[in-house]
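Colleague: Going by UniProt numbering, the final residue of the sequence shown carries number 219, and the count climbs one at a time with no gaps.
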Amino acid sequence: MRIGELSRRTGVPVPTIKYYVREGLLEPGELSSPNQAHYDESHERRLRLIRALLDVGGLKVAAIAEVLGAIDDPGRPLHKVLGAAADRLGTAGGADDDAEATAARDAVQELIARRGWQAHESNPAGEDLSRALAAMGRVGHGAFTELLDEYADAAELVARADLGYVARRASVDDLVESVVIGTVLGEAVFNAMRRLAHVDASARLYGGEDGAPGRAEEG
Numbered sequence: 001m002r003i004g005e006l007s008r009r010t011g012v013p014v015p016t017i018k019y020y021v022r023e024g025l026l027e028p029g030e031l032s033s034p035n036q037a038h039y040d041e042s043h044e045r046r047l048r049l050i051r052a053l054l055d056v057g058g059l060k061v062a063a064i065a066e067v068l069g070a071i072d073d074p075g076r077p078l079h080k081v082l083g084a085a086a087d088r089l090g091t092a093g094g095a096d097d098d099a100e101a102t103a104a105r106d107a108v109q110e111l112i113a114r115r116g117w118q119a120h121e122s123n124p125a126g127e128d129l130s131r132a133l134a135a136m137g138r139v140g141h142g143a144f145t146e147l148l149d150e151y152a153d154a155a156e157l158v159a160r161a162d163l164g165y166v167a168r169r170a171s172v173d174d175l176v177e178s179v180v181i182g183t184v185l186g187e188a189v190f191n192a193m194r195r196l197a198h199v200d201a202s203a204r205l206y207g208g209e210d211g212a213p214g215r216a217e218e219g
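1) Please name the residue, chosen from L175, R194, A62, that lies closest to R22 on a Cα-to-Cα basis.
2) Considering only residues of the same chain and omitting the five flanking positions on each side of A119, which have a CB-CB separation below 7 Å?
3) From this set, V139, T145, R114, R115, which residue's C-alpha is nearest H129's C-alpha?
4) Since A132 is in the alpha helix (DSSP H), which residue starts that stretch and which ends it?
5) Of all the alpha helix (DSSP H) runs that stay within the bounds of the segment 14-81, which reach a length of 4 or more residues?
6) Buried or exposed for E187, going by 16 or more other Cβ atoms inside 10 Å?
7) Using the C-alpha atoms, what's the distance from V67 back to L185?
8) Following the continuous alpha helix (DSSP H) through V108, name the residue where it begins and the one where it ends.
9) Hey, is the segment 131-151 in contact with the segment 99-114, meaning 3+ C-beta pairs nearer than 8 Å?
10) Report the residue from M136, T183, Y20 whose alpha carbon sits nearest the alpha carbon of E44.
11) On a CA-only basis, which of Y39, F190, A134, E30 is nearest S7? Give me that one, please.
12) Suppose the cutoff is 7 Å on Cβ atoms and the five residues either side in sequence are ignored; what does the same chain contact list for R153 look like?
13) With 16 other CB atoms within 10 Å as the buried threshold, where does V14 fall?
14) Check G11 in the structure and name its three-state DSSP category.
15) Between which two residues does the alpha helix (DSSP H) carrying R160 extend?
16) Would D149 pass as a contact of R114 if the rule is Cβ separation under 9 Å?
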C-alpha cells in the first residue's frame, strides 16, 4: 500500500508517519521509485502499536523508541520486554526527602519484602506508591499504610487476571500492546469499579433501610 492508504487505514496523518520514519520508530517503506514507497501490514501493525504507546500509554517519543527497541531485540527475554513497556508507564518525579517520604519508602520496601514480590522499591511503580503514601502522610493519613496488604491482595488478583489475558495474545507486539492497554485502560476500569463498590459499601453501612444512602437528620 502507499503511504496515503496506510494513513487512511490507521488514521495517522501522512506527515506524522514520515516523522515516525525519520525518528526510527517506523521502518521506511520499500522504494518502488525515487519518490514512491510501498508499505505492508507490518508497517500498519507497528504504527498502531506506536499510537497505542503514545495515545493510551502516554509515552513520549523517546520512551516509545526504548520500548520498540526492546521489542526488536531478539535476545531480550520476554519478561524484560514487558517490563520495558510497563516501567515506562510510571509517573514518579523527583524523590522527596522529608520524614513522610522516608516513612513511605520504608513502608513500600517492607511491603515488597513481606509479599515476596520480585520487584524493587526503586521501580517506577514503587516510587509512585511511595509518593502517594507520603502525600497521604502529609495530610494526616499516614495510618493508610495499615491497609497496604489488603490492597496488595486485590492488586495480585488483578495482576494475575491482566497477565492471563496477555498470555493469550499471539505475538510479542500483541503482548506489549496488551500490557500498555491493560495497564492504562485496566486502571480506568478498576478505578471505576472501585468507585461503584464504594457507593455500594457506603449505602450498606450508612444508608437507610431501603439501601439508599442515608440523609442527615434535620435539626
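C-beta atoms are modelled at their ideal positions from N, C-alpha and C, and glycine is treated no differently.
Modeller: On the basis of the data shown:
1) Among L175, R194, A62, the Cα nearest to that of R22 belongs to A62.
2) Same-chain partners within the cutoff: I112, G126.
3) At residue 129 the sequence reads Leu, which differs from the His that was named. Nearest C-alpha to L129: T145.
4) Unbroken alpha helix (DSSP H) run through A132: 124-138.
5) With a minimum length of 4 residues, the continuous alpha helix (DSSP H) runs that stay inside the segment 14-81 are 14-22, 41-51, 61-72.
6) It counts as exposed.
7) So the two alpha carbons sit approximately 19 Å from each other.
8) Here the alpha helix (DSSP H) through V108 covers 99-115.
9) Counting Cβ pairs under 8 Å, three or more are found: they touch.
10) E44 has its Cα closest to that of Y20, out of M136, T183, Y20.
11) Closest in C-alpha terms to S7, from the list Y39, F190, A134, E30, comes Y39.
12) What sits at residue 153 in the sequence shown is Asp, not Arg. Within the same chain, and ignoring the five residues on either side of D153 in sequence, no residue has its Cβ closer than 7 Å to its Cβ.
13) Its Cβ having fewer than 16 others within 10 Å, V14 is exposed.
14) Here G11 sits in coil by DSSP.
15) Per DSSP, R160 belongs to the alpha helix (DSSP H) from 148-166.
16) Going by C-beta atoms, D149 is nearer than 9 Å to R114.
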